[in-house]
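Peer 1: Respectively, the protein sequence lines represent chains A and B. Under this note's numbering, the residue at position 31 of the first sequence is numbered 31, and the numbers go up by one with no gaps. Under this note's numbering, the residue at position 516 of the second sequence is numbered 516, and the numbers go up by one with no gaps. Ideal placement from N, C-alpha and C gives every residue a C-beta, glycine not left out. Quick one: this structure, given as C-alpha cells, is what I'll be asking you about.
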Amino acid sequence: MIHSPTSIAIVEDDPSLCKILADMLDGNPDWELAGIFADAEAALLAIPHRPPKVVLMDIQLPGMSGIECVARLKETCPDIQVMMVTVYDNNDRIFEALAAGAIGYLLKRDVPDKLIQSLGELLDGDSPMSAAIARKVVQHFRKTPPSANQDHNLTPRETEILNHLVNGSLYKEIALDVGIGYETVRTHLRRIYSKLQVRTRTEAVVKYLGRG
Amino acid sequence: MLQANRSAPCFERLCVAFWLVLFLLPLQGGGEEVRVPPNTRDRHTLHLWHLDEAAPPFADDSITPVPLLGLLNGARAGQASLSGLGSAVSFHHQVGGVPGQSSLRGAILLAQPALDSGPADNAPRGFRYFGPDGAFTYEAFIKLELSPEDAQVVALTILSMDGEKGERIFSFRIERQGFLTFTPLPDCGAKGGAMASIPASGPHAINSRDWFHVAVTYSGKENDPDNLTLYWTKMGSKVSAANVIGKGTLSHDFNGLLGDLAIGNEARAHIGDKDNATAEPFPGLIDEVRISSVARHPTDFTFVPAEKRVTPEQVAGQLVEPRGTPPFALRLVRVLVNGKPVDTPENALEPLTLGAGPHRLDFDFGPAPGVSGSSLQVRSQLQGVDERWRESAPGMSLRCQVLDARRNVLSETEFDRVGTCPGWADRVEDSTLRPRSELIHVPQGGRELRVLLTSGTPETTGSFVIDDLRISLPGDNSGSLWANSDLKTGTNLTSPAGVPDGWSRHGSNPAIARVVMYLDNPTRLKNDVALALVDSEQGEYGMWESVRKLTPAMEKAGMLVVSWSETFNVIPGTLHRASYVNVPSGHFTFRAIGLSHSHGPMAASISLPIHIPPPFWQRAWFWPLVTSSVVALIALAIYRDSRRRARRKLREISFQHTLERDRTRIARDMHDDLGTRITVLTASASLARHEIDRDPERSRDHLDTVTKSARELVVAMDGLVWAVDPAHDSLDQFASHLTRMAEEILRDSPIRVRLHIPPELPHLRLGSNFRHNLALAAKESLHNALKHAGSCEIHLSLDYDGTRIVIEIRDTGRGFEASGVSARHGLANLSNRLADLGGTCVITSSPGQGTLIRFDCPLSNS
C-alpha cells in the first residue's frame, strides 16, 4: 500500500491482551498506534483531542462500558470508526455496540488470525454482519415503529438483503441472487448500519447516559 | 600385642590369637566388638579419605585424588575409631560464636587450607563428585557424642559442598529433630531431596555408644521417582547389607558446579546473623569418607564381607535397560474409607460398594513405577461430587471446606505446598513465616467452615507450619471471625503434643500434627504458638482439623478472605491424594488423568466406580411404601383436599430432583469438555517449552495444538456459559444461538449453510437443560455433516408450531447406509439426548442422497 499508516487507538483493560494487540499493530507498517487506554474514561478524555482514524474497543470495561464509550465518542468525533473486541459471541451486546455506532466487531479468540484482516476490511468500507446479528437487526426494525423521516426506514431492497443474510448467505451470493453488484451489497449494508445507528442513537444515548 | 610383636613369628601368631580371644571374650557379653576393614579403592572410587593422618594433608586414596588440607576451628584428628578403620576426626569443638546459632565457629575439615568468603575455599577445579551418568554414593562412618536434639548446633553436617552465592551444591546431614537428610542446594541444578527418620528403636536405633554407617545413593536416573536412597546402619557383627531408612527424588543430575567441600561441617560466609557459617559441626567422630561414581548396591559397603557384596559391575550386568520407554500408566494405589484402606474390585467395571454413608474417601494414585513424577501433570475428579477436575500436586496442603447443614462438603479450596518456602531456615522454630491471603467461595447453604492442614500422601515428607489464621469478610479488616485465631488458648501448648482449642489431630500418625511454641525467633512473639506438620516418615500422614460455624454475615457474603502465615519445606512423594469428606449415598466415579511429558506427550487415566447405598429409610422401596401407606391412610381418614396437597408436595420434590439432575448433567459436560481441553492445552504448552531448543519443528506443532485447544476451549466455554445463563432462557435466544453455532462450525469450511429460522419467534421459556441438550444434539449433527458429508450444502431449519419444536439438519452430501453400525451408534447418542427431553430423533439417509436429521421435541407448558 502506498498510503501512510492509519492511526489507531486501543481501549482494553486486560494488560496481556492489550500488549498482544499493541504488538500486532506495532509490527505492521499499515498501522500507527495512537494511544492505549485501560478504561473508557481515560479514552474519552484523550481521544477527542487527537482523534485517530480507528479505535479498537473492548465491550467489557471496568467502569463505563465499551458500548457507552462508543456512543459518547461518536457524539464528539463522528468520523471515528470503532471496531469492538469481545470475549463472548453475545448477540445482544454486539448488536447494542453496533447500534451505538461501532462499525465492526471481532471476537477475542479471532484476534491472532483475523485482527489485521478485519481492520483492513473495515477501512475498505466493509461492514461485517453475521446471520445472528442480521437477525437482531431485522427484529429491531420490526419492533420499533417506522420513523417519520422516510430516510431512516429500510428500503425494500435493504430488507431483502437483510433477509438473505439472516439465511446465512454470503455477500457474493446475495449479489447473485438479488442481481446487483458486490459493491452495491456493501453499500446497502453500510446504509443499513447507519440507519440502525441514527434510529438507535437517541435511544442508545438515553439508555447509556441515563445509567450514570 | 606389642609384647607379642617382639617374639618369634610362630609364637607371635599363637599369642595374637590368644590375646584376641582374651580381648573379645568379655566384650562379647557386654557389647559387640566390631571390626570393619577399610575401603579399598576400586574404579568407582572418586574419593576416599581414610582420615588416619594425625594432621593435614589427609590423603585421598582414589582414582582422582584430592587431599584435604584444612583441619580448622578445633577439629581433632587421630581419635580412636571403629576397630579396623585406623583413626577418626572429632568435630565436637568450636573456637567462637554462640552455640546453637549461626555465628558458631565450629570444627571443620576443608579441602582447602583456609576458609574464605569467596571462591578461594572451593573444592579444586576438576573435583568430581558424581559419575558419568550423574550417579553417586556419599558415605561415612560416624559416632555421635550427643543426641542430635541436645547438640548446640544448627544441624549436624556429615559431608557438604556449600558456600557463598553460586557455590551451594549439597548437604548431607542429620537434623536436630532426628532426621537424616540429603538436600540439593540452590546452585546444583537439581531439586528435590531425601529425608528420613533415624530409627529410635530396633536394631539400628540411634545412640552415642555405637558407630553407624550413613550413606546416600543417587541412581543417576533423573526420570525415576525415588532415585535417592538413604541408609543408616549400626555397625554390628551380623550386618549383611546397609539398612535403608528412606527414599527421595532428585529432579536432575548435578550440574557439576563446585562449592566449599567440607567434612563435619559446612563452610559458608558468615554475614551478620543471616547466614550459617560453620555452625553445623558434627558433635562426634567421622571416619572413612567415600565418594563413589555409582549408586552402590546395599551390600557394596566395606562392612559387608567382600564375598557377599554385589559390585557395580554385577549390578550393571543384571540391569537390562528396557527397550524404548515404558508405557506410561497411572495406578490407583489405595483407597481409604474413613481412614482405613479397602480392597478395590479386581474387575475394573465393578463398582466399589461401601456401607451406607456418608464416608470420608481418600484416593492415592500416581504414575506406575518408572515414570518421572517431575514431568507429570495429574488431575482428578470424583464425578458426582466435584464440579470440576482438580489439579493435584503431591504435597502438603491447607484446605478450606464449606459444609452444609448436614456437613456435606459444598465446596473445597485447596492450597498445595511443595518445595521450600522462602524464609525456611532448616528448623521450624527458626523459619520466618510469610503472610498469605486467599479468597474462598461460600456457596449458598453453607453453614460451617472446615479448615484442614494435611501432610498429603503418606510418601510426602517435610514440614508445614501455619499461624495467624484469620477468616474475615472481604473489605473488613477489623479482625478475625475465627475464634482462637492466635492459638492462645488450649491444653499443654508448651509441648509439641499440645492441642489448641477448636483443633483436633488426625491421620495414620497423628503425632505428625504438632504444636510449635516460639521462644527465640526474632520474627515471632515469645511464646507464640503455631500449628505444624512435621512428617519425616514415608508411609504415614497426619493432619490438623478445625470446624467452625459460619456467622449469618459470612453466609451472606458469599466470599471469605482467609489469611495466614506459613513456612514449609515439603518433599513430595510420587503419589497424589484426592480427599473427599462426607461423601453421601449415590453412584460416583473416581477418575484421574495424567499427562507425562518426559518422552513426548503420553496420557493415561484410571477410573473407579463407587456405589454408596442410602440408609434403609432412603432406599427406593422405603418411601413408596411409607408414602403409599400414608396416602392410603389419608384416603381413608382425611379429605381429598389433603391428598391433593400431598401430591403437590411430591411434584415439588420431583421438580427439585430434576433441577439437580440438570445441574449435574451440565456440570459433567463441563468437566469432560473443559477439563480435558485445559489439560491438553497446558500439557502442549509445556511440551513446546520443553522442546523449543531441541526440536523447534515439534515445538511449533505443540504450539499449534495450544492455539487449537485454546480456541476450542473458548467455544466450549461460550456454549456452556450460554447454556447456564438464565438470560438466555427463551426460544428466540436459542434460535440465535443455533445460527451463531452453525456459522462458527462451518465458517472455515467449503460447506455452505442455509438457515431457515423464523426471524421472530414467540416468547417461550426454555430451561437450561433443554437448551443445552438440544444445542448439543444440533452441534453433533453439524459436526458429523462437516466430517462425513463432503462438499455440500447444509440446510438448518427450526420450526415451532405452538406445541413442538422441530429442528431439521439436512445436507446434500454423500449420505450413508442408514442401517450401518456407525449410523445406529450415532443415532443412539442423539436419540438418548432427545429422549431425555421427551422428544425423538430420526435420521434418514442413503448413499448419494444426503442425510436428514430431524429432532422433534414436544414443549409442555409447564
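Can you give the Cα-Cα distance for residue 456 of chain B and residue 591 of chain B, rounded to whole angstroms?
Peer 2: As a position in the second sequence, residue 456 of chain B is number 456, starting the count at 1. As a position in the second sequence, residue 591 of chain B is number 591, starting the count at 1. About 19 Å.
Peer 1: What's the C-alpha gap between residue 556 of chain B and residue 449 of chain B?
Peer 2: Reading the second sequence from its first residue, position 556 is the one you call residue 556 of chain B. Reading the second sequence from its first residue, position 449 is the one you call residue 449 of chain B. Distance between the alpha carbons of residue 556 of chain B and residue 449 of chain B: 14 Å.
Peer 1: Are three or more beta carbon pairs between the stretch 434-452 of chain B and the stretch 393-407 of chain B nearer than 8 Å?
Peer 2: These segments touch.
Peer 1: Can you tell me where the beta strand (DSSP E) with residue 16 of chain A in it begins and where it stops?
Peer 2: Taking the first residue of the first sequence as 1, we reach residue 16 of chain A at position 16. Unbroken run through residue 16 of chain A is the alpha helix (DSSP H), 15-26; no beta strand (DSSP E).
Peer 1: Kindly list the residues whose CB is nearer than 6 Å to the CB of residue 322 of chain B, restricted to its own chain and excluding five residues on each side of it in sequence; keep chain order.
Peer 2: Against the second sequence, residue 322 of chain B aligns to sequence position 322. Interpretation of residue 322 of chain B is limited by its pLDDT of 43, a score under 50 that renders its predicted location unreliable; no figure is taken from the coordinates.
Peer 1: With a threshold of 7 Å on Cβ separation, who are the neighbours of residue 160 of chain A within its own chain once the five nearest residues in sequence on each side are excluded?
Peer 2: Against the first sequence, residue 160 of chain A aligns to sequence position 160. Only 178 meet the Cβ criterion.
Peer 1: What is the DSSP secondary structure of residue 324 of chain B, counted as helix, strand or coil?
Peer 2: Reading the second sequence from its first residue, position 324 is the one you call residue 324 of chain B. Interpretation of residue 324 of chain B is limited by its pLDDT of 46, a score under 50 that renders its predicted location unreliable; no figure is taken from the coordinates.
Peer 1: At least one CB of chain B closer than 9 Å to the CB of residue 153 of chain A: is that the case?
Peer 2: The residue given as residue 153 of chain A occupies position 153 in the first sequence. Closer than 9 Å: no.
Peer 1: Leaving out the 5 sequence neighbours to the left and right, which residues in its chain are closer than 6 Å to residue 196 of chain B when beta-carbon positions are compared?
Peer 2: Numbered from 1 along the second sequence, position 196 holds the residue referred to as residue 196 of chain B. Same-chain partners within the cutoff: 180, 230, 245, 246.
Peer 1: Assuming residue 740 of chain B is part of the alpha helix (DSSP H), what are its boundary residues?
Peer 2: Within the second sequence, the letter at position 740 stands for residue 740 of chain B. Taken as a continuous stretch (DSSP letters only), the alpha helix (DSSP H) holding residue 740 of chain B covers 731-746.
Peer 1: Between which two residues does the beta strand (DSSP E) harbouring residue 64 of chain A extend?
Peer 2: One-based indexing of the first sequence puts residue 64 of chain A at position 64. Per DSSP, residue 64 of chain A belongs to no beta strand (DSSP E) and is neither H nor E.
Peer 1: With a cut-off of 8 Å, do at least 3 Cβ pairs link the stretch 127-134 of chain B to the stretch 147-159 of chain B?
Peer 2: As far as the Cβ criterion goes, the stretch 127-134 of chain B does not touch the stretch 147-159 of chain B, which means the pair count is below three.
Peer 1: Would a check of beta-carbon distances place residue 791 of chain B closer than 9 Å to chain A?
Peer 2: As a working mapping, residue 791 of chain B is identified with position 791 in the second sequence. Not an interface residue.
Peer 1: Against chain A, which members of the stretch 754-780 of chain B pass a CB distance test of less than 9 Å?
Peer 2: Result list: 754, 755, 756, 757, 759, 760.
Peer 1: Could you tell me which whole beta strand (DSSP E) segments of length 3 or greater appear in the stretch 780-845 of chain B?
Peer 2: For the stretch 780-845 of chain B, whole beta strand (DSSP E) runs of length 3 or above, ordered along the chain, are 793-800, 804-811, 840-845.
Peer 1: Is there contact between the stretch 98-108 of chain A and the stretch 56-76 of chain A, where contact requires at least three CB pairs shorter than 8 Å?
Peer 2: Touching, yes, given that three or more Cβ pairs across the two stretches are closer than 8 Å.
Peer 1: For residue 501 of chain B and residue 484 of chain B, what's the separation of their Cα atoms in angstroms?
Peer 2: Along the second sequence, read from residue 1 onward, the residue named residue 501 of chain B stands at position 501. Along the second sequence, read from residue 1 onward, the residue named residue 484 of chain B stands at position 484. Rounded to whole angstroms, residue 501 of chain B to residue 484 of chain B spans 7 Å at the Cα level.
Peer 1: Considering only C-alpha positions, which residue in the set B/268, B/766, B/228 is nearest to residue 297 of chain B?
Peer 2: Residue mapping note: residue 297 of chain B aligns to position 297 of the second sequence, counting from 1. Comparing Cα-Cα distances from residue 297 of chain B to each of B/268, B/766, B/228, the minimum goes to B/228.
Peer 1: Between the stretch 800-816 of chain B and the stretch 847-859 of chain B, do at least 3 Cβ pairs fall closer than 8 Å?
Peer 2: Touching, per the Cβ criterion.
Peer 1: Quick check: residue 869 of chain B and residue 162 of chain B, are their CB atoms within less than 9 Å of each other?
Peer 2: The first residue shown for chain B is 1 and the last is 862, placing residue 869 of chain B beyond what the model contains.
Peer 1: Determine, for residue 27 of chain A, whether the minimum Cβ-Cβ distance to residues of chain B falls below 9 Å.
Peer 2: Counting from 1 along the first sequence, the entry for residue 27 of chain A is found at position 27. Not an interface residue.
Peer 1: Rounded to whole angstroms, what's the CA-CA distance from residue 421 of chain B to residue 519 of chain B? Just pull it up for me.
Peer 2: In the second sequence, residue 421 of chain B corresponds to position 421, counting from 1. In the second sequence, residue 519 of chain B corresponds to position 519, counting from 1. Answer to the nearest angstrom: the Cα atoms are 21 Å apart.
Peer 1: Do you know how far the Cα of residue 424 of chain B is from the Cα of residue 440 of chain B?
Peer 2: The sequence position of residue 440 of chain B within the second sequence is 440, counting from 1. The sequence position of residue 424 of chain B within the second sequence is 424, counting from 1. Approximately 26 Å between the Cα atoms of the pair.
Peer 1: Identify whether residue 717 of chain B lies in helix, strand or coil by the three-state DSSP scheme.
Peer 2: Translated into the one-based positions of the second sequence, residue 717 of chain B becomes position 717. Residue state, collapsed to three classes: helix.
Peer 1: Do residue 144 of chain B and residue 63 of chain B count as a contact pair if the criterion is CB distance below 9 Å?
Peer 2: On the second sequence, position 63 is the one that residue 63 of chain B refers to. On the second sequence, position 144 is the one that residue 144 of chain B refers to. Against a cut-off of 9 Å, the Cβ pair of residue 144 of chain B and residue 63 of chain B comes out as no contact.
Peer 1: Does DSSP put residue 23 of chain B in a helix, in a strand, or in coil?
Peer 2: On the second sequence, position 23 is the one that residue 23 of chain B refers to. With a pLDDT of 38 at residue 23 of chain B, under the threshold of 50, the predicted position of this residue should be treated as unreliable, though the coordinate-derived value follows. If DSSP states are grouped into helix, strand and coil, residue 23 of chain B belongs with the helices.
Peer 1: Comparing the C-beta of residue 849 of chain B with each C-beta of chain A, is any distance below 9 Å?
Peer 2: Against the second sequence, residue 849 of chain B aligns to sequence position 849. Closer than 9 Å: no.
Peer 1: In the DSSP output, what is residue 517 of chain B paired with across the bridge?
Peer 2: Taking the second sequence and counting its residues from 1, one reaches residue 517 of chain B at position 517. Residue 517 of chain B pairs with B/529.
Peer 1: Is the distance from the Cβ of residue 385 of chain B to the Cβ of residue 474 of chain B below 9 Å?
Peer 2: Taking the first residue of the second sequence as position 1, residue 385 of chain B is located at position 385. Taking the first residue of the second sequence as position 1, residue 474 of chain B is located at position 474. For residue 385 of chain B and residue 474 of chain B, no; Cβs fall outside 9 Å.
Peer 1: Name the DSSP bridge partner or partners of residue 31 of chain A?
Peer 2: Position 31 of the first sequence, counting from 1, holds the residue named residue 31 of chain A. Partner(s): A/6.
Peer 1: According to DSSP, which residues form a beta bridge with residue 434 of chain B?
Peer 2: Here residue 434 of chain B corresponds to residue number 434 of the second sequence, with the count starting at 1. According to DSSP, which records beta bridges pairwise, residue 434 of chain B is partnered with B/566.
Peer 1: Count Cβ pairs between the stretch 787-800 of chain B and the stretch 737-752 of chain B that sit closer than 8 Å; are there 3 or more?
Peer 2: Taking 8 Å as the limit for Cβ pairs, the verdict is that the stretch 737-752 of chain B does touch the stretch 787-800 of chain B.
Peer 1: Could you list which residues in chain B have their beta carbon closer than 7 Å to that of residue 65 of chain A, in chain order?
Peer 2: Residue numbering aside, residue 65 of chain A sits at position 65 when the first sequence is read from its first letter. Chain B residues near residue 65 of chain A: none, gap ~16 Å exceeds 7 Å.
Peer 1: Hey, how far is the Cα of residue 856 of chain B from the Cα of residue 805 of chain B?
Peer 2: Residue mapping note: residue 856 of chain B aligns to position 856 of the second sequence, counting from 1. Residue mapping note: residue 805 of chain B aligns to position 805 of the second sequence, counting from 1. Between residue 856 of chain B and residue 805 of chain B, the C-alpha separation is close to 6 Å.
Peer 1: Here's a check: name, in chain order, each residue in its chain whose Cβ is nearer than 6 Å to the Cβ of residue 745 of chain B, leaving out the five neighbours to either side.
Peer 2: The residue you call residue 745 of chain B lines up with position 745 of the second sequence. Closer than 6 Å at Cβ, skipping near neighbours: 782.
Peer 1: Please go through the same chain and pick out, in chain order, the residues whose beta-carbon is closer than 7 Å to the beta-carbon of residue 125 of chain A, but skip the five residues on each side of it.
Peer 2: Taking the first sequence and counting its residues from 1, one reaches residue 125 of chain A at position 125. Here the set comprises 186, 190.
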